[in-house]
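Residue numbers (this note's numbering), protein chains in the order written: chain A, 7 to 337; chain B, 7 to 337.
Have a look at the structure below before the remarks.
Number of protein chains: 2
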Amino acid sequence: MRTRPTLEKVAARAGVSRATASRVVNGSTRVAPQIRDAVNRAVEELGYVPNQAARSLVTQRADSIALVFPEPATRVFSDDPTFAGIIRGVSLEIEEADKQLVLMLIGATGGYQRAERYATNGHVDGVVIASMHGTDPLPAILARRGVPVVCSGRPTVPSSLPYVDVDNAGGAERAVRHLMERGRRRIATIAGPQDMIAGIDRLDGYRAVLRDSDRRSIVAVGDFTRESGTTAMRQLLADDPEIDAVFVANDLMALGALTALRQAGRRVPDDVALVGFDDIPAVSYAEPPLTTVRQPTVEMGRRLARMVLDLEEKAQVTLPTELVVRESTAS
Amino acid sequence: MRTRPTLEKVAARAGVSRATASRVVNGSTRVAPQIRDAVNRAVEELGYVPNQAARSLVTQRADSIALVFPEPATRVFSDDPTFAGIIRGVSLEIEEADKQLVLMLIGATGGYQRAERYATNGHVDGVVIASMHGTDPLPAILARRGVPVVCSGRPTVPSSLPYVDVDNAGGAERAVRHLMERGRRRIATIAGPQDMIAGIDRLDGYRAVLRDSDRRSIVAVGDFTRESGTTAMRQLLADDPEIDAVFVANDLMALGALTALRQAGRRVPDDVALVGFDDIPAVSYAEPPLTTVRQPTVEMGRRLARMVLDLEEKAQVTLPTELVVRESTAS
DNA sequence: GGGGAGTGTGAGAGCGCTCTCTGGAAGAGT
DNA sequence: ACTCTTCCAGAGAGCGCTCTCACACTCCCC
């Protein structure tokens with residue numbers, strides 16, 4: 007393999023100086039047309055590609071951003087398309103900006119130090135943290151180190167860090183109200199983990215609506231996995247057999263709950279109505295298709311990327327969610 | 007934000023030369039213990055982190071590899087955990103080697119040139135192509151440019167490029183033979199796209215077994231999406247209502263087929279037995295749970311990464327698949 | 001006790017690029 | 001015709017690091 011051509015070679019071939027060649031490559035306007043053409047031709051002929059390392063060294067920019075998935079997220083990763091949506095969104099925006107995406111799935115051992123070290127060594131211009139765990143120390147650490155950080159999901163502890171979240175509470179409220187409108191009396195919930203903002207806010211939304219209508223909450227807690235949905239549903243049925251509706255804090259658990267209901271001989275929606283959250287593809291193919299709350303995952307990814315790339319102001323953003331009504335809540 | 011400390015500063019603080027500081031940072035043994043300690047202390051105190059760009063510039067290594075998902079793959083991405091498995095595997099191995107993973111989802115517009123340009127500018131040490139499309143020109147282009155490339159999935163056109171594939175044909179054969187052993191007479195298949203090696207090989211496996219037992223093939227073709235599975239299943243039932251078993255080339259289509267069967271009033275497995283391929287989590291929660299062929303996606307990712315990192319010899323590897331029997335093929 | 005072998009440290013070049021600064025040519029103004 | 005401005009190209013420094021080479025020192029053996 008022959009060595010890759012340098013700017014020097016391009017300049018020599020075009021009969022100009024390295025500085026001029028650099029100007030052309032970087033699209034400066036203040037270059038005479040015929041010289042620009044000559045350089046471009048040389049670039050073409052030699053197949054010149056700028057050395058990013060050399061460029062970064064002098065510009066102090068890396069032209070890439072990191073997308074970090076903390077350990078707890080990686081576990082769900084393979085079964086929850088929510089993360090895929092965020093990746094896609096971030097990727098789309100990054101590509102448009104002609105930058106690179108560095109993906110870090112933080113493993114169990116020493117992943118944090120590794121991510122911290124990496125993010126602070128100038129190899130990335132910013133970090134998007136796809137953490138659903140609000141107690142994650144990484145964002146604050148990086149921010150203190152001067153690395154631009156944007157979080158996916160509002161941190162559980164109030165902070166001034168920029169984030170992009172979805173309207174979890176609002177979505178939950180709409181879902182529960184929808185169940186009430188359909189005439190459901192005993193509305194339970196399967197909540198998500200209470201160390202994640204999505205788990206907390208969705209439970210809050212559920213509680214707020216029930217409180218307003220003077221009903222009591224019936225709560226089981228899962229961990230956003232399908233299995234935990236099944237377990238929680240069984241428990242709910244054991245605790246209160248009269249339940250006629252369940253708001254489940256995510257679709258994966260809702261699918262698990264559906265299994266438990268079927269096994270218990272309850273018909274959906276006839277006996278028990280079911281609402282999920284996320285709108286992953288699988289729920290629209292479930293039997294029956296599940297009503298759920300859609301969250302704009304790709305858009306989330308886009309906003310996260312735009313903020314960290316400074317294409318838009320870093321802020322604390324909450325994107326709207328939308329109730330998608332399907333058969334599982336037919337009256 | 008104060009400027010990050012350089013090796014120079016560390017050396018000064020430790021009272022040694024830059025060269026010695028470099029030796030310590032890079033873990034050379036030929037340094038006197040007390041000097042090593044002094045340097046390490048200085049590193050600690052200053053919070054020194056090596057500048058990767060500067061390092062890459064001189065070593066000509068990037069310490070990162072790219073994982074490329076061509077356009078057709080990105081479409082399935084969000085609903086098919088197969089890709090997530092590959093990503094995890096690659097990520098695990100990369101992390102162990104203390105390198106970085108650059109993820110490229112190739113978009114519709116100019117993604118190829120972008121990927122090519124990026125991969126050849128010395129920013130990555132190698133490329134893993136998660137292409138299921140064997141006609142993809144990218145691998146050959148990069149290989150010609152001298153970039154280490156490993157493909158996920160055997161290219162459809164014979165080539166000497168290293169790849170990691172799974173035993174698609176063998177898995178399909180085992181699945182179909184399993185259906186025969188369960189006494190099924192009319193075994194159809196829903197094949198995958200015939201421009202992907204997984205689609206081709208799985209159909210070949212199906213055909214081989216039927217040929218050996220002198221039965222005729224009944225084939226419908228899908229594109230690996232759930233919807234196409236439903237459509238193909240309907241078509242199959244219309245063509246030949248006597249069908250009592252279907253081998254489906256992937257799980258997503260199998261789930262789609264299950265929907266079609268249910269809608270047509272066919273019981274699974276009583277009337278029609280169903281086998282999928284991939285073993286995604288969803289099929290074990292389907293009603294009934296589907297028999298399928300498991301492929302080791304995480305292991306695939308690991309092998310891909312190890313090859314491209316030169317931790318093991320680049321070769322053409324085929325990993326075994328395994329039949330997982332569940333209720334959908336009970337006799 | 002002198003020459004080699006072995007060991008640890010420093011000096012300095014240079015990776016490929018960007019960017020400031022300077023110089024020269026051309027055009028405009030008096 | 002001469003100066004002033006404008007514009008564009010080149011020279012050169014230097015980003016932070018690694019690595020070769022040279023050098024100083026200790027140790028050992030004949």
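Cβ coordinates follow ideal geometry from the N, Cα and C atoms, glycine included.
Note that this is a predicted model, so its numbers are computed, not measured.
Check this for me: beta carbons of V133(B) and V155(B), under 8 Å apart or not?
yes
Assign A20(B) to buried or exposed, taking buried as 16 or more other Cβ atoms, counted over all protein chains shown, within 10 Å of its Cβ.
buried
Report back the beta-carbon spacing between A121(A) and V153(A) to the nearest angstrom; my notes put them in contact at under 8 Å.
11 Å between Cβ atoms; not a contact.
If S28(A) sits next to L13(A), beta carbons under 8 Å apart, how far is it from one beta carbon to the other, in whole angstroms?
6 Å
Please compile the residues from chain A whose C-beta is within a distance smaller than 8 Å of the C-beta of S337(B).
Residues of chain A passing the Cβ test: none, with the nearest at roughly 23 Å.
Tell me the DSSP bridge mates of T298(B)?
V330(B)
Rounded C-alpha distance that separates P76(A) from P287(B):
22 Å
Report the partner residues of F75(A) according to the DSSP bridge assignment.
L111(A)
Hey, would you say A255(A) sits closer than 8 Å to I203(A), going by beta carbons?
no
Here's the rule: buried if 16 or more other CB atoms are within 10 angstroms of the residue's CB, otherwise exposed. What is V342(A)?
Past the edges of chain A, shown from 7 to 337, lies residue 342(A), and the structure says nothing about it.
Applying a beta-carbon distance threshold of less than 8 Å, which residues of chain A neighbour Y291(B)?
R232, L261, G262, T265
Go ahead and label P326(B) buried or exposed: buried means 16 or more other beta carbons lie within 10 angstroms of its beta carbon, across all protein chains shown.
exposed
Hey, quick one: how far does the beta strand (DSSP E) through S158(B) stretch, first residue to last?
155-158
Is V108(B) near L243(A), with beta carbons less than 8 Å apart?
no
Sort R24(B), V22(B), Y291(B), T9(B) by Cα distance to S151(A) and report the nearest one.
In the sequence as presented, Ser is not what sits at residue 151(A); that position holds Arg. Minimum Cα distance to R151(A) is reached at T9(B).
Is the beta carbon of L258(A) closer than 8 Å to that of A292(A)?
no
Residue burial classification, R273(A) (beta-carbon count within 10 angstroms, cutoff 16)
exposed
Taking T141(A) as the reference, which of I206(A), D86(A), H129(A), E179(A) has the closest Cα?
I206(A)
V130(A) and A60(A) - do their beta-carbons sit closer together than 8 Å?
no
So which residues of chain B does T126(A) contact, with C-beta pairs closer than 9 Å?
R10, G53, V55
Counting along the chain, where does the beta strand (DSSP E) carrying A226(B) start and finish?
224-227
When the Cα atoms are used, what is the spatial distance from M7(B) to V45(B)?
Because the pLDDT at M7(B) is just 47, under 50, the model does not fix this residue reliably, and the point stays unresolved.
Starting from D284(A), follow its DSSP beta bridges and name the residues at the other end.
R300(A)
Looking at the strands, I want to know which residues DSSP matches up with V133(A).
A72(A), V155(A)
Beta carbon of D277(B), beta carbon of T298(B): below 8 Å?
no
Spatial neighbours of S337(B) within its chain, please: CB distance less than 7 Å, with the 5 preceding and 5 following residues excluded, ordered by chain position.
R188, G189
For I249(B), name the three-state secondary structure that DSSP assigns.
coil
Does any residue of chain A bring its CB to less than 8 Å from the CB of G176(B)?
no
Distance cutoff 8 Å, beta carbons only. Does S28(A) sit that close to anything in chain B?
no
Run the CB neighbour count on Q40(B), radius 10 Å, all protein chains shown included, and call it buried at 16 or more, exposed below.
exposed
Chain B contacts made by the region 91-114 of chain A, where a contact means CB separation under 8 Å:
G91, I93, R94, S97, L98, E101, D104, Q106, L107, V108, L109, M110, L111, G113
Could you give the distance in angstroms between the alpha-carbon of A17(B) and the alpha-carbon of P56(B)?
13 Å
Assuming V170(B) and M306(B) are in contact, meaning their beta carbons sit under 8 Å apart, how far apart are those beta carbons, in whole angstroms?
5 Å
Compute the Euclidean distance between the alpha carbons of Q269(B) and T237(B), then round it to the nearest angstrom.
12 Å
Could you check the C-alpha separation between V74(A) and A136(A) for me, to the nearest Å?
6 Å
CB-CB under 6 Å to P145(A), same chain, minus the five flanking residues each way: which ones, in chain order?
I135, V155, C157, L167
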